[in-house]
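**Q** Residue numbers for the sequence shown follow my numbering, so the first one is 1 and each next one is one higher.
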Amino acid sequence: MYDISDKPETYRTAAAQAIVKVSPFTVTLVNEGKIPKGNIFDAAKVSANMAAKRTWDLIPYCHPISIDHIAVDFDVIAEGSIKITVTVKNVDKTGVEMEALTGACIAALTIYDMLKPVDDNLEIESIKLLEKTGGLNSYLQTYDVKLRAAVLVLSDSRSKKEDKSGKVILERLAKYGLELKEYKILADEQKVIEFELVRLCDELRVDIVLTSGGTGVGPRDVTPEATANVLEKEVNGITETLRAYGQKRTPLSMLSRGIGGVRGSTVIINLPGSVRAVTESLDSLFPGILHIFRMLEGHSH
1 MYDISDKPET YRTAAAQAIV KVSPFTVTLV NEGKIPKGNI FDAAKVSANM AAKRTWDLIP
61 YCHPISIDHI AVDFDVIAEG SIKITVTVKN VDKTGVEMEA LTGACIAALT IYDMLKPVDD
121 NLEIESIKLL EKTGGLNSYL QTYDVKLRAA VLVLSDSRSK KEDKSGKVIL ERLAKYGLEL
181 KEYKILADEQ KVIEFELVRL CDELRVDIVL TSGGTGVGPR DVTPEATANV LEKEVNGITE
241 TLRAYGQKRT PLSMLSRGIG GVRGSTVIIN LPGSVRAVTE SLDSLFPGIL HIFRMLEGHS
301 H
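1. Drop a sphere of 10 angstroms on the beta-carbon of V206, count the other beta-carbons inside from all chains shown, and report buried for 16 or more, exposed for fewer.
2. Classify Y112 as helix, strand or coil using the three-state DSSP reduction.
3. Where in the segment 73 to 111 do unbroken runs of the beta strand (DSSP E), each at least 3 residues long, occur, reported from the N-terminal end onward?
4. What residue from I268, K45, V153 and F293 has the CA that sits closest to A100's CA?
5. Counting C-beta neighbours from all protein chains within 10 Å, is the total for T250 16 or more, i.e. buried, or is it exposed?
6. Rounded to the nearest angstrom, what separates R172 and A15 at their Cα positions?
7. Are V267 and F286 closer than 9 Å when you measure CB to CB?
8. Just to confirm the assignment: which complete beta strand (DSSP E) runs, minimum length 3, are found wholly within the segment 119 to 175?
9. Use the C-beta contact count for I82: other C-beta atoms within 10 angstroms, 16 or more gives buried, fewer gives exposed.
10. Output the residue ranges of the beta strand (DSSP E) runs that lie fully inside the segment 242 to 273 and measure 3 residues or longer, sorted by chain position.
11. Of all the beta strand (DSSP E) runs that stay within the bounds of the segment 177 to 246, which reach a length of 3 or more residues?
12. Applying the criterion that 16 or more other CB atoms from any shown protein chain within 10 Å of the CB defines a buried residue, is T28 buried or exposed?
13. For K233, which option in T223, G264 and V275 has the closest C-alpha, if you only look at C-alpha atoms?
14. Going by DSSP, name the residue or residues bridged to R12.
15. Three or more C-beta pairs closer than 8 Å, one from the segment 274 to 282 and one from the segment 162 to 172: is that the case here?
16. Have a look at I70, A107 and K53 and flag the residue whose alpha-carbon is nearest the alpha-carbon of D42.
17. Thinking C-beta only, is I70 closer than 9 Å to A48?
18. Throw me the rounded Cβ distance for the T211 and L271 pair, which I believe falls under 8 Å.
19. F41 lies in the alpha helix (DSSP H); which residues open and close that run?
20. Could you check the C-alpha separation between Y143 and A78 for me, to the nearest Å?
21. According to DSSP, is V20 part of a helix, a strand, or is it coil?
22. Helix, strand or coil for I70, going by three-state DSSP, please let me know.
23. Cβ atoms of R220 and D156: under 9 Å apart, would you say?
24. Taking Cβ to Cβ, would you say I35 is nearer than 9 Å to K53?
25. Quick check on F25: does DSSP put it in helix, strand or coil?
26. For a test of the three-state rule: what should DSSP assign to E280, helix, strand or coil?
27. Return the Cβ separation of K191 and L152 in integer angstroms, given the expectation that the two are a contact with Cβ distance under 8 Å.
28. Leaving out five residues on either side along the sequence, give the residues of the same chain with a beta carbon under 7 Å from the beta carbon of V30.
29. Nearest by alpha-carbon distance to L130: which of V88, Y112, L154 and Q247 is it?
30. Roughly how many angstroms lie between the CA atoms of V20 and P117, to the nearest whole one?
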């Protein structure tokens, strides 16, 4: 089964449609309520709900996920067809398109079963996905000019050769098309960190600075203090997101003091120092964080 453990939960929807071809005479029987097996729409609605909720049990590689809403709608076409539309919504790590498709499929089969005593020429014409929304890629922002980034790794002992967390950040920045302007390893000295942050924001004018390390409670952990002194606007939601995501994976996330915000047109975000914590933080940040640059340009949230 595909690993989705690194995905954050997002709001997702999907709509699928199935079409059952019937004779015009069958349409008349349906409209008049004269189908021997009973009301086809009541039965199909129940079967669609049951099927959508059991998709994970029917299709081997589908994940068992939460389902928050299922809607089943029917449209009877006089010329000889019944359209079934199943809409599914949830807040989870993966989408609900298979649940919508399964619901539509089983609803169509239910209608087929209930109409076959009165119609020998039934046909399920199509089952297709109409639309789906949600997931991280729906929040991906692209820009005509590459965003410029800088990475500061705060450590008294590491060299670039030994640094692994910084390289994880570099790989993620490259994945989303950001241009690396600077990558430095600094000692845990508050004034030095402040100086570099100001230089990157005011002189080099990069779009984003990601720091790694110095966010704990040790005597040399001063990255949040240095960052707070240079920020003009703190964006609490950034670090709330980081910690909420991390807390689901380790209780140690509560011990991170990193902050994030804006100086001028530059975004500064403190990330933890370990490879695992940095990776998880980046998983929660991207691609949603890229929307902040639209906001800095004056566009609405």
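We put the CB at the ideal spot given by N, CA and C, even for glycine.
**A** With the given structure in hand:
1. buried
2. helix
3. 81 to 92
4. K45
5. exposed
6. 32 Å
7. no
8. 123 to 133 and 148 to 154
9. buried
10. 260 to 263 and 266 to 271
11. 179 to 186 and 208 to 212
12. exposed
13. G264
14. N90
15. yes
16. A107
17. yes
18. 6 Å
19. I40 to K53
20. 49 Å
21. strand
22. strand
23. yes
24. no
25. helix
26. helix
27. So it is not a contact: roughly 14 Å between Cβ atoms.
28. I40 and V76
29. V88
30. 15 Å
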